[in-house]
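First to last, the protein sequences are chains A and B. No gaps in the numbering here: position 95 of the first sequence is 247 in our numbering, and each next residue is one more. No gaps in the numbering here: position 64 of the second sequence is 46 in our numbering, and each next residue is one more. Here's the structure we're looking at; comments come further down.
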Amino acid sequence: EPEVTQTPSHQVTQMGQEVILRCVPISNHLYFYWYRQILGQKVEFLVSFYNNEISEKSEIFDDQFSVERPDGSNFTLKIRSTKLEDSAMYFCASSGGGTGNTIYFGEGSWLTVV
Amino acid sequence: KNQVEQSPQSLIILEGKNCTLQCNYTVSPFSNLRWYKQDTGRGPVSLTIMTFSENTKSNGRYTATLDADTKQSSLHITASQLSDSASYICVVSMILTGGGNKLTFGTGTQLKVEL
């Protein structure tokens, strides 16, 4: 079965540093997403991306965050100047066209800010 | 405020037994309702997707129901197995203006299946 792959699986970074989380969505998918899950809490929507632009973002996704699809296969989430509260599992997801399509999630990148 | 509430918060059952998990939502506008299974430290895996007009959907030992009038859903698991131990999350989807879906997750029901 096709899968969404994410790297790194775990990253530890110092507060104030920039991190880039990388994702390879399923190859023929059109919609790409980032979600995050703080330890012990529910999964939260960050941003959706379609046709090379952000289609929706949550209030969490402030100027500290950015997304990019630099080469047609990778989909990245950049967090500038990380804060302690950015520590979470970040999930990349993708889906094909149509609103009823399955949204496939990657295994996540666990970010620890110290 | 868009919310998805689930009950019970946690559940322990014996292997081979059945169980039913509940979900109530207040998400609007509603597109579809999904159930996901999430193992600890792993990404969510889709179990079922139901649109407004569907009131039941099965996937193997999983059967989901949806009552769009009362905004309630349930997930029934039959003949439970040890590998069913996981968090089961009710997720409601809204259609985005540019296409795609925005998912609102519940807090999940933590299921443990024991011998």
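All C-beta atoms in this analysis are idealised placements derived from N, C-alpha and C, irrespective of residue type, glycine included. This one's a predicted model, so the numbers in the text were calculated from it and none came from an experiment.
Query                                                                                                                                                              : Result
Can you tell which of V265/A, G260/A, V266/A has the C-alpha that lies nearest to the C-alpha of T159/A?                                                           : G260/A
Assign R232/A to one of two classes, buried (16 or more other C-beta atoms within 10 Å of its C-beta) or exposed (fewer than that).                                : exposed
Is the region 67 to 80 of chain B touching the region 16 to 29 of chain B in the sense that three or more CB pairs, one from each, lie closer than 8 Å?            : yes
Using a cut-off of 8 Å between C-beta atoms, extract the partners of E237/A located in chain B.                                                                    : What E237/A touches in chain B: nothing, since even the nearest Cβ is about 19 Å away.
What are the residues in the region 170 to 202 of chain A lying within 9 Å of chain B by C-beta distance?                                                          : L182, Y183, F184, Y185, Y187, Q189, Q193, K194, V195, E196, F197, S200, F201, Y202
Starting from K84/B, find everything on chain A with Cβ-Cβ shorter than 7 Å and list it in chain order.                                                            : F197, S200, E208
Give the single residue among Y44/B, D49/B, L29/B, N0/B whose Cα lies nearest to the Cα of T8/B.                                                                   : D49/B
Give the C-beta separation of F227/A and F197/A to the nearest angstrom, bearing in mind that I take them to be a contact with Cβ-Cβ under 8 Å.                    : Between F197/A and F227/A the Cβ distance is about 15 Å, and since that is not below 8 Å, they are no contact.
Any chance you could list the beta strand (DSSP E) runs of at least 3 consecutive residues sitting entirely within the region -1 to 64 of chain B, in chain order? : 1 to 7, 14 to 20, 27 to 33, 38 to 41, 44 to 49, 54 to 59
Select from the region 240 to 258 of chain A all residues with a C-beta closer than 9 Å to any C-beta belonging to chain B, and list them in chain order.          : M241, F243, C244, A245, S247, G249, G250, T251, G252, N253, T254, I255, Y256, F257, G258
When Cβ atoms are compared, which residues of the region -10 to 21 of chain B fall closer than 7 Å to chain A?                                                     : S13, N14
Cβ atoms of V265/A and D223/A: under 8 Å apart, would you say?                                                                                                     : no
State the Cα-Cα distance for the pair C5/B and A46/B, rounded to the nearest angstrom.                                                                             : 10 Å
What does a CB cutoff of less than 6 Å around K39/B pick up in its chain, not counting 5 residues either side in sequence?                                         : T30, M32, A46
Going by DSSP, what residue range makes up the beta strand (DSSP E) through V199/A?                                                                                : 196 to 202
Tell me where the beta strand (DSSP E) around I172/A begins and ends.                                                                                              : 171 to 176
Chain B beta carbons: is any one of them nearer than 8 Å to that of G260/A?                                                                                        : yes
Establish whether the CB of G80/B and some CB of chain A are separated by less than 8 Å.                                                                           : yes
Could you have a look at L78/B and say whether DSSP puts it in helix, strand or coil?                                                                              : coil
Leaving out five residues on either side along the sequence, give the residues of the same chain with a beta carbon under 8 Å from the beta carbon of R(-3)/B.     : The sequence given here has Glu at residue -3/B, not Arg. Closer than 8 Å at Cβ, skipping near neighbours: S62, Q63, L64, V95, E96, L97.
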